[in-house]
Amino acid sequence: MISMQGTGVSPGVASGTLHFYHAANADVRRIVVSDRDAEWERFLAAQAAAVEQLGVLAEEVRQRSGDDAAALLEGHQLLAEDPDLTDEVEALIREQGLCAEAAVMDAGEALAEEFAALEDPYLKERSADVKDVSRRIVSCLGGGSDAAGLPGPVILAAKDLAPSETVQLDKDLLLGLVTAGGSARGHTAIMARTMGIPAVIGAADILDPVLEGKEVFIDGDTGTVIVGPDPETRTKLLEKQKEQRTHAQLLKTLQGQPSMTLDGQSVRVCCNIAGPQDVQAVLENDGEGVGLFRSEFLYLGREDYPDEETQFEAYREVLSALSDREVIIRTLDIGADKQIGYFDLPKEENPALGKRALRICLDRPELFRTQLRAMYRASAYGRLGIMFPMVASEWEVREARAMCEKVQRELKEEGIPFSDEVKIGIMVETPAAAVMSDRLAQLVDFFSIGTNDLTQYTLACDRQNSSLGRFCDTHHPAVLRLIRLVAENAHRHGVLVSICGELAADLSLTETFLAMGIDELSVSPRSVLPLRQKVRETDVSACRSAVSDALA
Amino acid sequence: MKSFDYTINDPVGIHIRTITPLVKKIKEFPGHEFTISKGDSTVSLLRSSSVLRMAIRQGDTVTVRVTGDNEDAAAAAVEEFFKENL
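Right under this line is the structure:
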């Protein structure tokens, strides 16, 4: 039994087989071979190896999770030996002399396209299975690597995961996540919480090759990772896993209950989401709206900019699914730790302080205009709020609002419907915006405090740097004083104030935020009900003076 | 040659979860040829991705043909499979 200590960043106990993530590598060698018969033999051997691997995996999954879970892998096995794929590979090798790796990739791509072209939504999705299978055969040929495809339900171990890599993972197969590096405020942790998957970061030795394929337990609350547990520990961990599930069930009784304190103060408990795929989680966890829709996830995992239509569809889907609940979409927030290749952003010495978020949008008006058009068009289908990230100055808000007005004029001229009740707000995440919040309040309908960035900029602590530890105190009075200042200025000008950073879900601060009169807390869907429970147990009048003393 | 017609009852039609055991079943009869037809198109039942791409759904009537030394038993076994699973 090997025990490791990391930091738990997404709650719950998960157990399963430890699988190592290898970064995507779509490039395979592409050469013409002289001995075509030998190349064909190489392919047949790799194909047989892939079929065998899948058979072993299917059997493992059957033991653990039953026939249903194993069926997917057996389907992959069938696709790996599919005659259509095999014939195409043979033609490419024998007629064109292509090497086996390139032949498999090309044949797989062609077959995947045929599936993608089908109308039936179920069959369309098989396109991804075909690609996955061809990648597996290629990796059996010793080239490329199996990137996003998981071999079955696993606990995934990685050095760290980029957001674009995380979004590609099959959520149904991801039981838990453990990284050697990473930081609690990084995107891996946020994504894990959004998906409701237990996660531990900073388990430095997790990538030791001897551990791959072993049984592992991770505890997302305590940060403990145990590989190959002894029977006694195993029983204890399974017990804890069961306990947590019961607790989750209990929380469900809070569904439909108001988020109101014992002395009658209401707060709206909303969700942070990354796209239409998270709407279900909002509904299941009874989120009272979406306080932060991170639109950048529409831009990640792609090769080119998403056009107006693509964005419109995604926004519309979310707005109409949540109909009467407000949805606040944040305009593109990339740069710093979220990089996208096709944006061609110059390499910066200090990206957290560089050209990011609204700064990019204001300098590239066409990009900004496309996104705002998609948002306004979607506004006809629900209740929309638009929020600008990384504001430091009043002129930035004025310029962004001018673009909103321009887009509205255009749509009116084109006769395209949109709502005239769209709310405009800003993220307060720079100390400048917090200090200037009295003036900024006169330009907007709402504020949303992004505590992750506000903490990093106020304390001069890089949120990606896990070694900062105690220096990066998220409860630092400087941050809490700024939050209080923003709330006071907002209320003086009749502006609503929300907290959408990770701190919003920190139950040890709920009393503090309620005493400050925060109107809305926006958290990952899984945190909604625990937070509502905390709100309903709080008596604000009893803690108000303690909070003001603490921040005096 | 032995054949039978069958109208699909399964709400999702022939998909990857049903085709896996179906292929296992027909592999019990080596040396036999199995085809499936829907409308004008006919493919070998062993060509699973082609069968999937025929998009056979609930309410579609398909014809299965079997040729081989023991075609009576093979056709009966496959028909039984369709009745039980599709």
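From first to last, the protein sequence lines stand for chains A and B. Quick note: the first sequence uses our numbering, first residue 4, plus one each step. Quick note: the second sequence uses our numbering, first residue 1093, plus one each step. Glycine included, C-beta positions come from ideal geometry on N, C-alpha and C.
**Q.** Cut-off 8 angstroms between Cβ atoms - residues of its own chain near A/Leu126, not counting five sequence neighbours on either side
**A.** Phe118
Q) Is the Cβ of B/Ile1111 closer than 8 angstroms to any Cβ of chain E? A) In summary, chain E is missing from the structure at hand, where the protein chains are A and B.
Q) Interface residues of chain A around B/Val1115 at Cβ under 7 angstroms? A) Leu81
Q.
Given 7 angstroms as the limit, tell me if A/Glu351 has its C-beta closer than that to any heavy atom belonging to the ligand HEM.
A. With respect to the ligand HEM, the structure shown offers nothing to examine, as it has no ligands at all.
Q: Check whether the Cβ atoms of A/Val498 and A/Thr454 sit closer than 8 angstroms, and answer yes or no.
A: no
Q. List, in order along the chain, the chain A residues whose C-beta lies closer than 8 angstroms to that of B/Arg1145?
A. Glu117, Phe118, Leu121 and Leu126
Q) When the Cα of A/Ser13 is compared with those of A/Leu335, A/Glu116 and A/Met198, which residue comes out closest? A) A/Met198
Q. Can you tell me whether DSSP reads B/Tyr1098 as helix, strand or coil?
A. strand
Q.
Please report the distance separating the alpha-carbon of A/Val136 from that of A/Glu42.
A. 19 angstroms
Q. Taking the alpha-carbon positions, what's the A/Val213 to A/Cys475 distance?
A. 34 angstroms
Q) Listed in chain order, which residues of the stretch 81-104 of chain A have Cβ atoms closer than 8 angstroms to some Cβ of chain B? A) Leu81, Leu82, Asp85, Pro86, Asp87 and Leu88
Q. Roughly how many angstroms separate the alpha carbons of A/Val285 and A/Phe315, rounded to a whole number?
A. 20 angstroms
Q) Since A/Pro156 contacts A/Val270 with CB under 8 angstroms, what's their CB separation in whole angstroms? A) A/Pro156 to A/Val270, Cβ: 37 angstroms. No contact.
Q.
Would A/Ala160 and A/Tyr24 be called neighbours here (beta carbons separated by less than 8 angstroms)?
A. yes
Q. What is the rounded straight-line gap between the Cα of A/Gly226 and the Cα of A/Leu524?
A. 26 angstroms
Q: Check whether the stretch 539-552 of chain A touches the stretch 1132-1139 of chain B, taking contact to mean three or more Cβ pairs, one atom from each stretch, closer than 8 angstroms.
A: no
**Q.** Per-residue DSSP class, three states only, for A/Lys217
**A.** coil
Q | Bridge partners - A/Ser37, DSSP secondary structure assignment | A | Paired residues: none, contrary to the question.
(Q) Please classify A/Lys537 as buried or exposed, where buried requires at least 16 other C-beta atoms within 10 Å of its C-beta. (A) buried
Q: Please state whether DSSP places A/Leu506 in a helix, a strand or coil.
A: helix
(Q) Does the stretch 258-276 of chain A come into contact with the stretch 241-249 of chain A, if we say contact requires no fewer than three beta-carbon pairs (one atom in each stretch) closer than 8 angstroms? (A) no
Q.
Can you pull the chain A neighbours of B/Ser1141, defined as C-beta to C-beta under 9 angstroms?
A. Leu81, Leu82, Asp85, Pro86, Asp87, Leu88, Leu114, Glu117, Phe118, Arg129 and Val133
Q: State the Cα-Cα distance for the pair A/Gly147 and A/Asp208, rounded to the nearest angstrom.
A: Unreliable placement is indicated for A/Gly147, whose pLDDT of 43 sits below 50; the coordinate value is still reported in the next sentence. The straight-line gap from Cα to Cα measures roughly 25 angstroms.
Q: Look at the Cβ atom of A/Leu325, then the Cβ atom of A/Val282, and state whether they are nearer than 8 angstroms.
A: yes
Q: Could you confirm whether any beta carbon from chain A is found closer than 8 angstroms to the beta carbon of B/Ile1108?
A: yes
Q) Which residues in the same chain have their Cβ closer than 8 angstroms to the Cβ of A/Gly19, if we skip the five residues on either side of it in sequence? A) Arg67, Pro156, Val157, Ile158, Leu178, Gly179, Glu218 and Val219
Q: Can you grab the Cα-Cα spacing for the pair A/Thr236 / A/Ile5, in whole Å?
A: 11 angstroms
**Q.** Spatially closest choice to A/His571 from A/Ser469, A/Leu506, A/Val447 and A/Ala113, by CA coordinates
**A.** Look at the range of chain A in this structure, 4 to 555, and you will see that residue 571 of chain A is not part of it.
(Q) I want to see whether chain B comes within less than 8 angstroms of A/Gly223, judged by CB atoms only; does it? (A) no
Q. Going along the stretch 50-78 of chain A in order, which residues come within less than 7 angstroms of chain B, judged by CB to CB distance?
A. Ala74, Glu77 and Gly78
Q. So, is A/Asp132 buried or exposed, given that buried needs 16 or more other C-beta atoms within 10 angstroms?
A. buried
Q.
Between B/Val1104 and chain A, is any beta-carbon pair separated by less than 8 angstroms?
A. yes
Q | Given A/Glu397 as reference, the closest of A/Arg297, A/Pro86, A/Gln244 and A/Ala435 once Cα atoms are compared | A | A/Ala435
Q. If we cut at 8 angstroms on Cβ distances, does B/Leu1178 have a partner in chain A?
A. no
Q. Is A/Ala150 helix, strand or coil when you go by DSSP?
A. Caution is warranted here: a pLDDT of 47 is assigned to A/Ala150, below 50, making its placement in the model unreliable, and the coordinate value is therefore given only provisionally. Coil.
Q: On a CA-only basis, which of A/Leu303, A/Val92 and A/Gly278 is nearest A/Gly294? Give me that one, please.
A: A/Gly278
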